[in-house]
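Colleague:
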Amino acid sequence: MHASEFNVEKFVDIIEKENGTISEVYFVACGGSLVDLYSSCYFINRESSTMTAEWITSKEFVLTPPKKLGKHSVVIICSHGGNTKETVEAAELGVKEGAFVITYTHTPGSA
Numbered sequence: 873m874h875a876s877e878f879n880v881e882k883f884v885d886i887i888e889k890e891n892g893t894i895s896e897v898y899f900v901a902c903g904g905s906l907v908d909l910y911s912s913c914y915f916i917n918r919e920s921s922t923m924t925a926e927w928i929t930s931k932e933f934v935l936t937p938p939k940k941l942g943k944h945s946v947v948i949i950c951s952h953g954g955n956t957k958e959t960v961e962a963a964e965l966g967v968k969e970g971a972f973v974i975t976y977t978h979t980p981g982s983a
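Take 873 as the starting number for the sequence shown in the working numbering and just add one per residue.
In structure tokens form, the structure reads like this:
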């Protein structure tokens, strides 16, 4: 889905149709990209009674993936430059484990 087509309700419907109920959201990045994700993680943990969220560095996510990571997970990946090695690996791991992975960057066409 292209950013210009983004609609939260449509997005959640797509995830739930493909993966079932979302039980956890992982916000994964490095450095400044990770800092940009903190408020979203905080919001989910304070406002949701059905989901949990974790804010985790890309390297930690790859080296010690959460046990719950799977089809009921959403992994939100951010890399401002789009090619941070550990962040690309984290996205690949999320896909491999069956999670619904969302990536965003400032660099179109990046990894």
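Using N, Cα and C, we set each Cβ at its ideal position, and we do this for glycine too. Keep in mind that this is a model prediction, so the values were computed, not measured.
For the putative contact between Ser951 and Tyr898, defined by C-beta atoms under 8 Å, what is the C-beta separation to the nearest angstrom?
Modeller: Translated into positions along the sequence shown, residue 951 becomes position 79. Translated into positions along the sequence shown, residue 898 becomes position 26. About 15 Å separates the two Cβ atoms, so there is no contact after all.
Colleague: Does the beta carbon of Glu881 fall short of 6 Å from some heavy atom of the ligand NAP?
Modeller: This structure does not include the ligand NAP; it has no bound ligands of any sort.
Colleague: Using the C-alpha atoms, what's the distance from Lys957 back to Ser930?
Modeller: Taking the first residue of the sequence shown as 1, we reach residue 930 at position 58. Taking the first residue of the sequence shown as 1, we reach residue 957 at position 85. When rounded, the distance between both Cα atoms is 9 Å.
Colleague: If you run the structure through DSSP and keep just helix, strand and coil, what is Glu926?
Modeller: Counting from one through the sequence shown, the residue named residue 926 turns up at place 54. Glu926 falls in the strand class under three-state DSSP.
Colleague: Which term fits Ser911, buried or exposed, when burial requires 16 or more other beta carbons within 10 angstroms of its beta carbon?
Modeller: In the sequence shown, residue 911 corresponds to position 39, counting from 1. Exposed: under 16 other Cβ atoms inside 10 Å.
Colleague: With 16 as the cutoff for other CB atoms within 10 Å, does Leu941 come out buried or exposed?
Modeller: Residue 941 sits at position 69 when you count from the first residue of the sequence shown. Burial call: buried.
Colleague: Here's the rule I'm using: 16 or more other beta-carbon atoms within 10 Å means buried, otherwise exposed. How should Asn879 be labelled?
Modeller: Working through the sequence shown from its first residue, we reach residue 879 at position 7. Asn879 is exposed by the Cβ-count criterion.
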